[in-house]
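To convert, note that position 56 of the sequence shown is 85 in the numbering used here; the numbers rise steadily by one, no gaps.
Here a beta-carbon is modelled for each residue, glycine too, at the ideal position from N, C-alpha and C.
Bear in mind that the values here come from a model prediction, so they are computed numbers and not experimental data.
Please read the structure below before turning to the comments.
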Amino acid sequence: MDNTLLDRLAIIDTVQNWAVWRDAGDWERFKTVWHDDGWMSATWFQGPALDFIAVSKAGFEKGVSILHFLGGSSVDIAGMRAIAQTKMTINQRAPVDGVLVDVVCTGRFYDFFEKRGGAWKIVRRQPIYEKDRMDVVDPAGSLRLDAELLGQFPEGYRHLAYLQSKVGFKIKRDMPGLKGEVVAALYARGAKWLAGEAAWDAPPVKSGI
30 MDNTLLDRLA
40 IIDTVQNWAV
50 WRDAGDWERF
60 KTVWHDDGWM
70 SATWFQGPAL
80 DFIAVSKAGF
90 EKGVSILHFL
100 GGSSVDIAGM
110 RAIAQTKMTI
120 NQRAPVDGVL
130 VDVVCTGRFY
140 DFFEKRGGAW
150 KIVRRQPIYE
160 KDRMDVVDPA
170 GSLRLDAELL
180 GQFPEGYRHL
190 AYLQSKVGFK
200 IKRDMPGLKG
210 EVVAALYARG
220 AKWLAGEAAW
230 DAPPVKSGI
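Set out below in structure tokens:
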């Protein structure tokens, strides 16, 4: 089998394992999809992968419900580096003002990969948030959202951010969406990564956990 195809399959397998092992709470195997200097960015967290694993585990044990579903992947490979884009949804269930809701956010995982020691693993993950919606779980229930608060968040993840802010998360408000300068800058960083350059201005800090 062509080596490039094998590399693509290994990268896609890693992306799929990320979602399955993270959502299942299989933390030891979840650690294996990241390089030691791995970095995770999300609406509610930006930091070293080891810290992300720790806070995800703590939330999992407290009943925080954040699940992922994956679609197709596109992989660009340049030597020992790659960029993988994978269609995905983030699904979170939580109460908002006493009403249980589901938020579904559609987007892409934009992953910086590197092959080290023969293994393709994630160096940096940056989700792209394209659109979302909020639904009341009980069809008989109703909820009126605070329009001012909702409008503070970018269109691609405003309902997800609304829910997460209501349950106590601090939300990053300049995450990339479907269009605009922020996502264009992300694509530029991906091109730099494939060209062998650093993909960010400063190296990620080491884990504090």
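Beta-carbon proximity of Leu-143 to Arg-110, cut-off 8 angstroms: Note that residue 143 is Glu in the sequence shown, not Leu. It is a contact, given that the beta carbons lie within the stated cut-off.
Arg-37, buried or exposed, once every other Cβ within 10 Å from all chains shown has been counted against 16: Label assigned to Arg-37: buried.
Identity of the residue in Val-93, Leu-96, Thr-115 and Ile-95 nearest Ser-103 by Cα: Ranking Val-93, Leu-96, Thr-115 and Ile-95 by Cα distance to Ser-103 puts Thr-115 first.
Asp-161, buried or exposed, once every other Cβ within 10 Å from all chains shown has been counted against 16: By the neighbour-count definition (other C-beta atoms within 10 Å, threshold 16), Asp-161 is a buried residue.
Assigned secondary structure, Gly-136 (DSSP; H/G/I helix, E/B strand, else coil): Gly-136: strand per DSSP, three-state reduction.
Own chain partners of Thr-33 with C-beta closer than 8 angstroms, once the 5 adjacent residues on each side are dropped: In the same chain as Thr-33, and ignoring 5 residues on each side of it, the C-beta atoms closer than 8 angstroms to its own belong to Ile-106, in chain order.
First through last residue of the alpha helix (DSSP H) which encompasses Lys-60: Where Lys-60 is concerned, the enclosing alpha helix (DSSP H) stretches over 56–60.
Boundaries (first-last residue) of the beta strand (DSSP E) holding Asp-161: Note, Asp-161: beta strand (DSSP E), 148–165.
Close-in-space but distant-in-sequence residues of the same chain around Leu-189 (CB under 7 angstroms, 5 per side omitted): Counting only Cβ-Cβ distances below 7 angstroms, and skipping sequence neighbours, we find Thr-72, Ile-119, Gln-121, Val-132, Cys-134 and Asp-161.
Own chain residues within Cβ distance below 6 angstroms of Gly-237, not counting five before or after: Residue confidence is low: Gly-237 scores 42 on pLDDT, short of 50, so the model does not pin down where it sits. No coordinate-derived value is stated.
Under the three-state DSSP convention, the category Glu-210 falls into: Glu-210: helix per DSSP, three-state reduction.
Length of the line joining the Cα atoms of Leu-79 and Ile-40: About 20 angstroms.
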